[in-house]
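Worksheet: the structure to be examined is printed underneath.
2 protein chains.
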Amino acid sequence: MKNIKLQDIANKAGCSKNTASLILRGATKFSKELAEQVKEIAKNSGYIPNYAARNLASQKSDIIGIYTPTINDPVRAGIINDLIQNIHKANYKPFLGIGTPTNGINQSISWMNTFKHLNVALLVLVAQYEMEPKELTNDVPLLVLGCQPPENKIPHDYIAWDRSEVARIAMDHLIDRGYEYIINGCSANTITGQKFLTELKKSNLSHTHFELSITNQTNDLLKIIDKIQKIKTKRRKAIFFGDTLLAVKFMDMALNAKIKIPKDLAVISYDYFPWADSLKVPLTTICQPIEQMSEKAIDIIKYRLANKNSPFINKVIPHKLIVRKST
Amino acid sequence: MKNIKLQDIANKAGCSKNTASLILRGATKFSKELAEQVKEIAKNSGYIPNYAARNLASQKSDIIGIYTPTINDPVRAGIINDLIQNIHKANYKPFLGIGTPTNGINQSISWMNTFKHLNVALLVLVAQYEMEPKELTNDVPLLVLGCQPPENKIPHDYIAWDRSEVARIAMDHLIDRGYEYIINGCSANTITGQKFLTELKKSNLSHTHFELSITNQTNDLLKIIDKIQKIKTKRRKAIFFGDTLLAVKFMDMALNAKIKIPKDLAVISYDYFPWADSLKVPLTTICQPIEQMSEKAIDIIKYRLANKNSPFINKVIPHKLIVRKST
Numbered sequence: 006m007k008n009i010k011l012q013d014i015a016n017k018a019g020c021s022k023n024t025a026s027l028i029l030r031g032a033t034k035f036s037k038e039l040a041e042q043v044k045e046i047a048k049n050s051g052y053i054p055n056y057a058a059r060n061l062a063s064q065k066s067d068i069i070g071i072y073t074p075t076i077n078d079p080v081r082a083g084i085i086n087d088l089i090q091n092i093h094k095a096n097y098k099p100f101l102g103i104g105t106p107t108n109g110i111n112q113s114i115s116w117m118n119t120f121k122h123l124n125v126a127l128l129v130l131v132a133q134y135e136m137e138p139k140e141l142t143n144d145v146p147l148l149v150l151g152c153q154p155p156e157n158k159i160p161h162d163y164i165a166w167d168r169s170e171v172a173r174i175a176m177d178h179l180i181d182r183g184y185e186y187i188i189n190g191c192s193a194n195t196i197t198g199q200k201f202l203t204e205l206k207k208s209n210l211s212h213t214h215f216e217l218s219i220t221n222q223t224n225d226l227l228k229i230i231d232k233i234q235k236i237k238t239k240r241r242k243a244i245f246f247g248d249t250l251l252a253v254k255f256m257d258m259a260l261n262a263k264i265k266i267p268k269d270l271a272v273i274s275y276d277y278f279p280w281a282d283s284l285k286v287p288l289t290t291i292c293q294p295i296e297q298m299s300e301k302a303i304d305i306i307k308y309r310l311a312n313k314n315s316p317f318i319n320k321v322i323p324h325k326l327i328v329r330k331s332t
Numbered sequence: 006m007k008n009i010k011l012q013d014i015a016n017k018a019g020c021s022k023n024t025a026s027l028i029l030r031g032a033t034k035f036s037k038e039l040a041e042q043v044k045e046i047a048k049n050s051g052y053i054p055n056y057a058a059r060n061l062a063s064q065k066s067d068i069i070g071i072y073t074p075t076i077n078d079p080v081r082a083g084i085i086n087d088l089i090q091n092i093h094k095a096n097y098k099p100f101l102g103i104g105t106p107t108n109g110i111n112q113s114i115s116w117m118n119t120f121k122h123l124n125v126a127l128l129v130l131v132a133q134y135e136m137e138p139k140e141l142t143n144d145v146p147l148l149v150l151g152c153q154p155p156e157n158k159i160p161h162d163y164i165a166w167d168r169s170e171v172a173r174i175a176m177d178h179l180i181d182r183g184y185e186y187i188i189n190g191c192s193a194n195t196i197t198g199q200k201f202l203t204e205l206k207k208s209n210l211s212h213t214h215f216e217l218s219i220t221n222q223t224n225d226l227l228k229i230i231d232k233i234q235k236i237k238t239k240r241r242k243a244i245f246f247g248d249t250l251l252a253v254k255f256m257d258m259a260l261n262a263k264i265k266i267p268k269d270l271a272v273i274s275y276d277y278f279p280w281a282d283s284l285k286v287p288l289t290t291i292c293q294p295i296e297q298m299s300e301k302a303i304d305i306i307k308y309r310l311a312n313k314n315s316p317f318i319n320k321v322i323p324h325k326l327i328v329r330k331s332t
């Protein structure tokens, strides 16, 4: 970076350092000729205002923090890809932190300290609740994408997908197609799993629930396949997964175990997956419209930064069922 | 954020502002009692050092810029996911910029200005050469991941995958399997496409090359399928793609057009894809070992920041062929 100083520009333009600074920051009270001259000199000399100094002087930060457990899935990668580009186009600086949940709360605290040190103007949490940064949210506006706040949490802005709707869509579709024996393939610890269990109980259909651990999924999936093969019923069976990546893994293993999909067992899952049509058995999915998410998010970010004390904005975006051959 | 000032802490501890500042930045020349008292007061009052002020005072930045065209593919998402976590664990602040190449050079310039404003200590470019930030690289160390610099570019640190190796691995595998009529499905504008064309010419096998545009891929793929169906040869045919996401799309369309894979046409592609086994026809791929990339990258980042003027580090990481049913 060239070390052209503001004083050099002022000297060349024959004005004070203060005047040059005001002109470069957009002040219009000076003559058009002088303003153009200062801007021209600054441009030609490659002058870059010192970011740290400017940030300090204005005491206002233009950094928007984004925090997510991973970008190794198409839903989060898609949202964050658009979000980073849109935030930057709106002249803010998006700062992305990634902390895997398996690495625990310490990693999360370390990222929250970074967000504090950077003096972020606002924090966006993407599809993650476990690590809500309580300390930070007391001072910095929080926008949560993908989840609704549990009842015991402090209120904030959010754009959520309604997990009750996911469970209803899945259940309605399976009933509609004549499946009578329904298996819940989500963990009862997840919101989606709980909501689907509620729908199952309401439905009066035969059903069962298999608990999945996070740490040993392959083993758990093999156990589920073993149990499914032992179910003695003539009724048509279907399984619901709250995570498409898991459903993809399950389908491979089920096909290997000579289970025919959907004849022996139908599969439906929650989460947008760009390659669902290309799978051995194209997978019926309940999708999040991820483009809408980042568009609406940028509107809320702009609004919140301009209106710190206005009431919280809460939006719920509807899902889309895409029926493929697996059901 | 609470507005506790350094002066308040100094007042409470009965020392000067300068002493409090030095203690909080880790100086050990003061009494243990005073040091502990200052730290305790700072902790209890929720004092956060002003990042902008600190950055300005030290004139040293701990921000590492990362720039990539997209995170909507598993290779870049995987590398960047690990990179952001590792950079943060090493006590630097990773700042990710995303600029799609289709949005052109203006977007790239705008991100480069942001990196300058943030005074990044080093810039990492992930699998992208078109937008090499010439201006920035004159002043800021550059680490390129995934690509080797073309001859006319300025030298810098890189960890690359060798595209000649990709072309050789693909060609050797196809010859080994007895394919005699080879189609190059890469654009001749890409490094991989050029290298594969060179290998094709060396091989003395029958071959053809179809040029793909970036803007209308679906249409181009349909044209390629049409042309392949018109090829009059008894020799066994195979096609190579330099982009697995494109190969996945192509395979769906070819299967729809009743082309049998690999009987009528074998398919092999370049790029790690986590779901290659789950596709209708599991796809033979030449993979980048992405975990190695971020591990080696963090070593180079640390080394370069400590040794500004040392010779450039250039590493080439080998590929891995994973043979599946498509060849």
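Read top to bottom, the protein sequences are chains A and B. Counting from 6, one number per residue, gives the positions in the first sequence under the numbering used here. Counting from 6, one number per residue, gives the positions in the second sequence under the numbering used here. Each residue gets a CB set at the ideal place from its N, CA and C atoms; glycine is no exception. None of these values were measured; they are calculated from a predicted model.
Inset, instruction - Check the Cβ-Cβ distances between Gly248 of chain A and every residue of chain B, and say whether any is below 8 Å. - result: In the first sequence, counting from the first residue as 1, residue 248 of chain A sits at position 243. For the record, residue 248 of chain A in the displayed sequence is Asp; it is not Gly. No, Asp248 of chain A lies away from the interface with chain B (no Cβ there is under 8 Å from its Cβ).
Inset, instruction - Can you have a look at Arg81 of chain B and say buried or exposed, based on whether 16 or more other CB atoms are within 10 angstroms of its CB? - result: Looking up residue 81 of chain B in the second sequence gives position 76. Flag for Arg81 of chain B reads buried.
Inset, instruction - State yes or no: is the beta carbon of Ala95 of chain B nearer than 8 Å to at least one beta carbon in chain A? - result: Here the question's residue 95 of chain B lines up with position 90 in the second sequence. Not a single CB atom of chain A sits nearer than 8 Å to the CB of Ala95 of chain B.
Inset, instruction - Look up Pro316 of chain B in the DSSP assignment and say whether it is helix, strand or coil. - result: Counting from one through the second sequence, the residue named residue 316 of chain B turns up at place 311. Of the three classes helix, strand and coil, the one that applies to Pro316 of chain B here is coil, per DSSP.
Inset, instruction - Measure from the C-beta of Val253 of chain A to each C-beta in chain B and report whether the shortest distance is under 8 Å. - result: One-based indexing of the first sequence puts residue 253 of chain A at position 248. Closer than 8 Å to some Cβ of chain B, the Cβ of Val253 of chain A qualifies, so yes.
Inset, instruction - With DSSP as the reference, label Phe120 of chain A as helix, strand or coil. - result: The residue given as residue 120 of chain A occupies position 115 in the first sequence. Helix.
Inset, instruction - Please confirm if the stretch 243-259 of chain A is in contact with the stretch 280-288 of chain B, defined as three or more CB-CB distances below 8 Å between the two stretches. - result: Output reads yes: the stretch 280-288 of chain B touches the stretch 243-259 of chain A.
Legend entry - Limits of the beta strand (DSSP E) - the one that Tyr308 of chain A falls within: Position 303 of the first sequence, counted from the start, is the residue given in the question as residue 308 of chain A. It is not in any beta strand (DSSP E) - Tyr308 of chain A instead sits in the alpha helix (DSSP H) that spans Ile295 to Ala311.
Inset, instruction - Figure out for me which residue from B:Lys94, B:Pro79 and B:Thr75 has the closest Cα to the Cα of Ile85 of chain A. - result: Position 80 of the first sequence, counted from the first residue, corresponds to residue 85 of chain A. Of the candidates B:Lys94, B:Pro79 and B:Thr75, the residue whose Cα lies closest to the Cα of Ile85 of chain A is B:Thr75.
Legend entry - Buried or exposed by the 16-neighbour rule on C-beta atoms within 10 Å, applied to Tyr240 of chain A: Taking the first sequence and counting its residues from 1, the one referred to as residue 240 of chain A is at position 235. The residue you asked about is not Tyr; residue 240 of chain A is Arg in the sequence shown. It counts as exposed.
Inset, instruction - Could you tell me the distance, in whole angstroms, from the CA atom of Ile71 of chain A to the CA atom of Ser115 of chain B? - result: Numbered from 1 along the first sequence, position 66 holds the residue referred to as residue 71 of chain A. Numbered from 1 along the second sequence, position 110 holds the residue referred to as residue 115 of chain B. Roughly 20 Å separates the two Cα atoms.
Inset, instruction - Kindly indicate if chain B contains any beta-carbon less than 8 Å away from that of Ala57 of chain A. - result: Position 52 of the first sequence holds residue 57 of chain A. Because Ala57 of chain A sits at a pLDDT of 48, beneath the cut-off of 50, its placement in the model cannot be relied upon, and the point is left open.
Legend entry - Closer than 7 Å at the beta carbon, the chain A residues around Lys268 of chain B: Against the second sequence, residue 268 of chain B aligns to sequence position 263. Within chain A, no residue comes near Lys268 of chain B; the closest Cβ sits about 18 Å away, beyond 7 Å.
Legend entry - Start and end residues, alpha helix (DSSP H) containing Val171 of chain A: Within the first sequence, numbered from 1, the residue matching residue 171 of chain A stands at position 166. Counting along the chain, the unbroken alpha helix (DSSP H) around Val171 of chain A starts and ends at Arg168 to Asp181.
Legend entry - Buried or exposed by the 16-neighbour rule on C-beta atoms within 10 Å, applied to Tyr56 of chain A: Along the first sequence, read from residue 1 onward, the residue named residue 56 of chain A stands at position 51. Reliability fails at Tyr56 of chain A, whose pLDDT of 49 lies under 50, so the model's placement of it is uncertain and the value that follows must be treated cautiously. Tyr56 of chain A should be labelled buried.
Inset, instruction - Say whether chain B places a C-beta atom closer than 8 Å to the C-beta of Gly70 of chain A. - result: The residue given as residue 70 of chain A occupies position 65 in the first sequence. No, its Cβ sits nowhere closer than 8 Å to a Cβ of chain B.
Legend entry - Within 8 Å, strictly: CB atoms of Ile164 of chain A and Lys313 of chain A: The count along the first sequence starts at 1 and reaches residue 164 of chain A at position 159. The count along the first sequence starts at 1 and reaches residue 313 of chain A at position 308. The beta carbons of Ile164 of chain A and Lys313 of chain A sit no closer together than 8 Å.
Inset, instruction - Check whether the Cβ of Leu284 of chain B lies closer than 8 Å to any Cβ atom in chain A. - result: Taking the second sequence and counting its residues from 1, the one referred to as residue 284 of chain B is at position 279. Using beta-carbon distances, Leu284 of chain B counts as an interface residue toward chain A, with a partner under 8 Å.
Legend entry - Residue from B:Ile103, B:Glu296, B:Ile306 and B:Pro316 with nearest C-alpha to His324 of chain B: Position 319 of the second sequence holds residue 324 of chain B. Here the closest residue by C-alpha is B:Glu296.
Inset, instruction - Would you mind telling me which residues of chain B sit closer than 8 Å to Thr289 of chain A, beta carbon to beta carbon, in chain order? - result: The residue you call residue 289 of chain A lines up with position 284 of the first sequence. Among the residues of chain B, none has a CB under 8 Å from the CB of Thr289 of chain A; the nearest is roughly 15 Å distant.
Inset, instruction - State the start and end residues of the unbroken alpha helix (DSSP H) segment that holds Ile236 of chain A. - result: Here residue 236 of chain A corresponds to residue number 231 of the first sequence, with the count starting at 1. Note, Ile236 of chain A: premise wrong, no alpha helix (DSSP H); not H, not E.
Inset, instruction - Out of A:Gly104, A:Glu170 and A:Pro294, point me to the one whose CA is closest to Thr119 of chain A's CA. - result: The residue given as residue 119 of chain A occupies position 114 in the first sequence. Out of A:Gly104, A:Glu170 and A:Pro294, A:Gly104 has the C-alpha closest to the C-alpha of Thr119 of chain A.
Legend entry - Bounding residues of the alpha helix (DSSP H) (the contiguous stretch that carries Phe201 of chain B): Locating residue 201 of chain B in the second sequence gives position 196, counting from the first residue. Counting along the chain, the alpha helix (DSSP H) containing Phe201 of chain B begins and ends at Ile196 to Ser208.
Inset, instruction - Output the distance between the C-alpha atoms of Ile266 of chain A and Leu150 of chain B, rounded to the nearest integer angstrom. - result: Along the first sequence, one-based indexing puts residue 266 of chain A at 261. Along the second sequence, one-based indexing puts residue 150 of chain B at 145. The straight-line gap from Cα to Cα measures roughly 41 Å.
Legend entry - Alpha carbon of Leu128 of chain A to alpha carbon of Gln90 of chain A, nearest angstrom: For the purposes of this step, residue 128 of chain A is taken as the residue at position 123 of the first sequence. For the purposes of this step, residue 90 of chain A is taken as the residue at position 85 of the first sequence. Spanning the two alpha carbons is a distance of roughly 16 Å.
Inset, instruction - Note down the Cα distance separating Leu130 of chain B from Asp304 of chain B, rounded to an integer number of angstroms. - result: Here residue 130 of chain B refers to the residue found at position 125 of the second sequence. Here residue 304 of chain B refers to the residue found at position 299 of the second sequence. Cα to Cα, Leu130 of chain B sits roughly 16 Å from Asp304 of chain B.
Legend entry - Exposure label - Tyr308 of chain B; buried when at least 16 CB within 10 Å: As a first step, residue 308 of chain B must be located in the second sequence, where it is residue number 303. Around the Cβ of Tyr308 of chain B, a 10 Å sphere holds fewer than 16 other Cβ atoms; the residue is exposed.
Legend entry - Spatial distance of Ala62 of chain B from Ser113 of chain A (CA atoms): One-based indexing of the second sequence puts residue 62 of chain B at position 57. One-based indexing of the first sequence puts residue 113 of chain A at position 108. Bear in mind that the predicted position of Ala62 of chain B carries a pLDDT of just 48, short of 50, making it too unreliable to give a figure here.
Inset, instruction - Would you kindly report the start and end of the unbroken beta strand (DSSP E) that includes Lys325 of chain B? - result: Numbered from 1 along the second sequence, position 320 holds the residue referred to as residue 325 of chain B. For Lys325 of chain B, the enclosing beta strand (DSSP E) covers residues Lys325 to Ile327.
Inset, instruction - Give every residue of the same chain whose Cβ lies closer than 6 Å to the Cβ of Phe96 of chain B, excluding the five residues on either side of it in the sequence, and list them in chain order. - result: Here the question's residue 96 of chain B lines up with position 91 in the second sequence. Correcting the residue type first, residue 96 of chain B is Asn in the shown sequence and not Phe. Nothing meets the Cβ criterion.
Inset, instruction - Step through the CB atoms of chain A and report whether any lies within less than 8 Å of the CB of Lys98 of chain B. - result: Within the second sequence, the letter at position 93 stands for residue 98 of chain B. Interface residue, yes.
Legend entry - chain A within 8 Å of Asp257 of chain B, Cβ atoms only: Translated into positions along the second sequence, residue 257 of chain B becomes position 252. By the rule that beta-carbons nearer than 8 Å mark a contact, Asp257 of chain B touches chain A.
Inset, instruction - Would you verify that the beta carbon of Ile76 of chain A is, or is not, closer than 8 Å to some beta carbon of chain B? - result: In the first sequence, counting from the first residue as 1, residue 76 of chain A sits at position 71. True, the Cβ-Cβ gap to chain B drops below 8 Å.
Inset, instruction - Whole angstroms is fine: what's the gap from Ile28 of chain A's alpha carbon to Thr249 of chain A's? - result: Locating residue 28 of chain A in the first sequence gives position 23, counting from the first residue. Locating residue 249 of chain A in the first sequence gives position 244, counting from the first residue. Roughly 54 Å separates the two Cα atoms.
Inset, instruction - Determine which residues share a DSSP beta bridge with Thr290 of chain B and list them. - result: Sequence index remark: in the second sequence, residue 290 of chain B carries index 285 (1-based). Listed as beta-bridge partners of Thr290 of chain B by DSSP are B:Ser274 and B:Ile327.
Legend entry - Rounded C-alpha distance that separates Gly183 of chain A from Lys228 of chain B: By 1-based counting over the first sequence, the position of residue 183 of chain A is 178. By 1-based counting over the second sequence, the position of residue 228 of chain B is 223. Near 41 Å, if we compare the C-alpha coordinates of Lys228 of chain B and Gly183 of chain A.
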